[in-house]
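Chemist: One structure, as structure tokens, below. Some questions next.
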DNA sequence: AAAATATAGTTACCCTAACTAACTAATATA
DNA sequence: TATATTAGTTAGTTAGGGTAACTATATTTT
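Chains as they are written, first to last, in the numbering used here: chain U, 2 to 142; chain F, 2 to 142.
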């Protein structure tokens, strides 16, 4: 009775650091960290977005987006353009950013494929749905 | 083709902050954060452990364990005892720590139950197995 | 037994990744 | 036109981790 079975949440948390560190190792080649990669990928796949939109999509505050965007600009991966509304800054990939995205997307896809070795497509889908449902439950608080 | 389907890893990462923040909100009543709760729970459920053993179990470095343990001592939730080997410090719960553990364990169990509302036991188990398998794959990486 | 090596824990300092508060500039509303 | 809101920035804080270098004790080698 004192040895409780680990729950989904235990497994979830146990995986976090090893997973993020492993991804960061792959990103280091391009001087990126996961938080920056998440934004680069977001604006590439669903963008362009203003910084306010990025904040909303990624559920982080505006100052965090400023910092991430600034880092991506310093690296030459994105550029900003003033919007119609002069307060807004649209963020979009540069040519270099596109190249880096394409390359990393490939490398990470391969890596993540390795991480799911031995797991059926069906189980992966179930796991994804479970995490999505939990996210909905967390957000409705 | 440019709108990629979100993968398990996207869902995994998207959940992290909202989930941890929600747990931390519950822990705040006892002035705890998740990192400290993880250690408190570990030594209560599987302990007592030396700090080196805690480091190994939780896969963090020794200085992190020192910090976490010190915080738990300051809160009066744990105490240390010199081992046979005089370099070692065994960490164990105080009476207060036991009370806090019991209370929080209940509260968090209820909370986590809410988070899995609408998800079958079977799917939860599948999700857990998937995350465990990914962890193994990351670690052998 | 003495010297060299390894281990447990601490200290000092670093980093990422977030946060809030307070601000400026521009836009929208009363 | 005055007021309120919104986009983005700056400054300062926090959680949660890391490495390097250290002390004290144990272990291993010679």
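Ideal Cβ positions, reconstructed from N, Cα and C, are used throughout, including at glycine.
If I measure Cβ to Cβ from residue 31 of chain U and keep anything under 7 Å in the same chain, skipping five residues before and after, which residues do I get?
Modeler: Position 30 of the first chain, counted from the first residue, corresponds to residue 31 of chain U. Excluding sequence neighbours, residue 31 of chain U sits near 101, 105.
Chemist: Could you give the residue range of the alpha helix (DSSP H) that holds residue 1 of chain F?
Modeler: Missing from the structure shown is residue 1 of chain F; chain F here goes from 2 to 142 and no further.
Chemist: Which one of F:98, F:36, F:19, F:26 has the shortest CA to CA distance from residue 15 of chain U?
Modeler: Counted from its first residue, the first chain places residue 15 of chain U at position 14. Comparing Cα positions, the closest option is F:36.
Chemist: Grab the span of the alpha helix (DSSP H) containing residue 114 of chain U for me, first residue to last.
Modeler: Counting from one through the first chain, the residue named residue 114 of chain U turns up at place 113. Counting along the chain, the alpha helix (DSSP H) containing residue 114 of chain U begins and ends at 96-116.
Chemist: Can you check whether the CB of residue 43 of chain F is closer than 8 Å to the CB of residue 59 of chain F?
Modeler: By one-based count along the second chain, residue 59 of chain F stands at place 58. By one-based count along the second chain, residue 43 of chain F stands at place 42. Yes.
Chemist: Please tell me whether residue 120 of chain F and residue 83 of chain U are closer than 8 Å, where the distance is taken between their beta carbons.
Modeler: By 1-based counting over the second chain, the position of residue 120 of chain F is 119. By 1-based counting over the first chain, the position of residue 83 of chain U is 82. No, the pair does not count as a contact, with Cβ atoms beyond the cut-off.
Chemist: In chain U, which residues lie with their C-beta within 7 Å of the C-beta of residue 111 of chain F?
Modeler: As a first step, residue 111 of chain F must be located in the second chain, where it is residue number 110. Per Cβ cutoff of 7 Å: no residues; residue 111 of chain F is ~13 Å from chain U at best.
Chemist: Tell me the DSSP secondary structure of residue 27 of chain U in three-state form.
Modeler: Position 26 of the first chain, counting from 1, holds the residue named residue 27 of chain U. Residue state, collapsed to three classes: helix.
Chemist: Report the neighbours of residue 134 of chain F on chain U: residues whose CB is nearer than 7 Å to its CB, in chain order.
Modeler: Position 133 of the second chain, counted from the first residue, corresponds to residue 134 of chain F. Those within 7 Å of residue 134 of chain F in chain U are 119, 120.
Chemist: Taking beta-carbon pairs under 9 Å, can you tell me which members of the stretch 54-87 of chain F lie near chain U?
Modeler: Listed by position along the chain: 59, 60, 61.
Chemist: From residue 7 of chain U to residue 56 of chain U, what does the alpha carbon distance come to, in whole angstroms?
Modeler: Along the first chain, one-based indexing puts residue 7 of chain U at 6. Along the first chain, one-based indexing puts residue 56 of chain U at 55. Between residue 7 of chain U and residue 56 of chain U, the C-alpha separation is close to 34 Å.
Chemist: How many Å lie between residue 97 of chain U and residue 111 of chain U at the Cα?
Modeler: The residue given as residue 97 of chain U occupies position 96 in the first chain. The residue given as residue 111 of chain U occupies position 110 in the first chain. Each residue's alpha carbon lies about 21 Å from the other.
Chemist: In the DSSP assignment, the alpha helix (DSSP H) including residue 58 of chain U goes from what residue to what residue?
Modeler: Mapped onto the first chain, residue 58 of chain U falls at position 57. From DSSP, the alpha helix (DSSP H) with residue 58 of chain U extends over 52-59.
Chemist: Out of U:74, U:53, U:89, which one is the CA nearest neighbour of residue 95 of chain U?
Modeler: As a first step, residue 95 of chain U must be located in the first chain, where it is residue number 94. Among U:74, U:53, U:89, the Cα nearest to that of residue 95 of chain U belongs to U:74.
Chemist: Name the chain F residues that come within less than 7 Å of residue 15 of chain U, Cβ to Cβ?
Modeler: The residue labelled residue 15 of chain U in the question sits at position 14 within the first chain. In chain order: 136.
Chemist: For residue 39 of chain F, collect the residues of the same chain with a Cβ closer than 8 Å to its Cβ; drop the 5 residues on either side in sequence, then sort them by chain order.
Modeler: Taking the second chain and counting its residues from 1, the one referred to as residue 39 of chain F is at position 38. Only 59 meet the Cβ criterion.
Chemist: Going by DSSP, which residues form a beta bridge with residue 93 of chain F?
Modeler: The sequence position of residue 93 of chain F within the second chain is 92, counting from 1. Residue 93 of chain F is bridged to F:80.
Chemist: Which first and last residues belong to the alpha helix (DSSP H) in which residue 35 of chain F is found?
Modeler: To locate residue 35 of chain F, count along the second chain from 1; it is residue 34. Residues 35-46.
Chemist: Run the CB neighbour count on residue 46 of chain F, radius 10 Å, all protein chains shown included, and call it buried at 16 or more, exposed below.
Modeler: Looking up residue 46 of chain F in the second chain gives position 45. By the neighbour-count rule (16 or more Cβ atoms within 10 Å), residue 46 of chain F is not buried but exposed.
Chemist: Excluding five sequence neighbours on each side, which residues of the same chain lie with their C-beta closer than 7 Å to the C-beta of residue 27 of chain U?
Modeler: Taking the first residue of the first chain as 1, we reach residue 27 of chain U at position 26. Hits under 7 Å: 108, 109, 112.
Chemist: Quick check on this structure: which residue in U:115, U:127, U:125, U:77 has the alpha carbon closest to the alpha carbon of residue 137 of chain F?
Modeler: Counted from its first residue, the second chain places residue 137 of chain F at position 136. The shortest C-alpha separation from residue 137 of chain F is found at U:115.
Chemist: Would you mind working out which of F:62, F:126, F:53, F:13 sits nearest residue 1 of chain F, comparing C-alpha positions?
Modeler: The structure shown does not extend to residue 1 of chain F, since chain F is modelled only from 2 through 142, so no value can be given for it.
Chemist: Give me the Cα-Cα distance between residue 131 of chain U and residue 12 of chain F, rounded to the nearest whole angstrom.
Modeler: Position 130 of the first chain, counted from the start, is the residue given in the question as residue 131 of chain U. Position 11 of the second chain, counted from the start, is the residue given in the question as residue 12 of chain F. Distance between the alpha carbons of residue 131 of chain U and residue 12 of chain F is about 9 Å.
Chemist: Quick check: what's the CA-CA separation for residue 10 of chain U versus residue 17 of chain U?
Modeler: Working through the first chain from its first residue, we reach residue 10 of chain U at position 9. Working through the first chain from its first residue, we reach residue 17 of chain U at position 16. Residue 10 of chain U and residue 17 of chain U: Cα-Cα distance of roughly 11 Å.
Chemist: Let's test the definition: count the other Cβ atoms within 10 Å of the Cβ of residue 29 of chain F and tell me whether it reaches 16, buried, or not, exposed.
Modeler: By 1-based counting over the second chain, the position of residue 29 of chain F is 28. When all chains shown are included, residue 29 of chain F counts as exposed.
Chemist: Using a Cβ-Cβ cut-off of 8 Å, state whether residue 131 of chain U counts as contacting chain F.
Modeler: By one-based count along the first chain, residue 131 of chain U stands at place 130. At least one chain F Cβ lies under 8 Å of residue 131 of chain U.
Chemist: Quick one: Cα of residue 80 of chain F to Cα of residue 103 of chain F, how far?
Modeler: Residue mapping note: residue 80 of chain F aligns to position 79 of the second chain, counting from 1. Residue mapping note: residue 103 of chain F aligns to position 102 of the second chain, counting from 1. Their backbone Cα atoms lie some 17 Å apart in a straight line.
Chemist: Would you kindly work out how many angstroms separate the C-alpha atoms of residue 64 of chain U and residue 89 of chain F, rounded to a whole number?
Modeler: Indexing the first chain from 1 puts residue 64 of chain U at position 63. Indexing the second chain from 1 puts residue 89 of chain F at position 88. For residue 64 of chain U and residue 89 of chain F, the distance between alpha carbons rounds to 44 Å.
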